[in-house]
Amino acid sequence: GDNGDPDNFLTPQFSCASVKSGLNFARYCDPGLDKLIADGKAASSQEQRTGLYHQAQKLIHEQALWLPLAHPTAFALTRQEVQGYQVNPFGRQDFSRVAVKR
């Protein structure tokens with residue numbers, strides 16, 4: 002997921018519908034997991050949503066659908082005069098807080 006919402010990650014990676022699209026790399030289809038994800042997406046309160054997504058993540062963990070081995074480290078070099086730049090792990094460039102001190 003790249004927008005902070007669990008559904009942006011769980012639906013494409015673990016739903017039955019995503020098996021055919023090729024995004025569900027594990028090719029795993031579980032109607033129970035689909036229901037947890039759909040119920041989380043439709044939940045009216047943040048507390049409900051959090052609980053449902055935690056259940057979904059627990060199932061994903063227990064079934065060992067993915068075995069993450071590594072994650073790349075994001076880094077950037079800047080000149081000493083550049084102030085306020087922060088590396089974004091998703092590769093987005095946010096220059097709204099950047100200043101050049103001379």
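For the sequence shown, our numbering assigns the number 2 to the initial residue and increments by one for each residue that follows.
C-beta: ideal position from N, C-alpha, C; glycine also.
As the structure is a computational prediction, the values presented were derived from the model and not from experiment.
Which value, in whole angstroms, describes the spacing of the CA atoms of L60 and E82?
48 Å
In chain order, what residues of the same chain lie with their CB nearer than 6 Å to the CB of Q58, ignoring the 5 residues before and after it?
none
Do A27 and W67 have their C-beta atoms within less than 8 Å of each other?
yes
Within the continuous alpha helix (DSSP H) that includes N9, where are the two ends?
7-15
Is it a yes or a no for the stretch 84-99 touching the stretch 30-46, going by three-plus beta-carbon pairs under 8 Å?
no
Only counting the same chain, and skipping five residues up and downstream in sequence, which positions put a Cβ closer than 6 Å to that of Y86?
T79, V99
Using the three-state DSSP reduction, which class does A27 fall into: helix, strand or coil?
coil
CB-CB under 8 Å to R103, same chain, minus the five flanking residues each way: which ones, in chain order?
E82
I need the straight-line Cα distance from A18 to G33, nearest angstrom please.
13 Å
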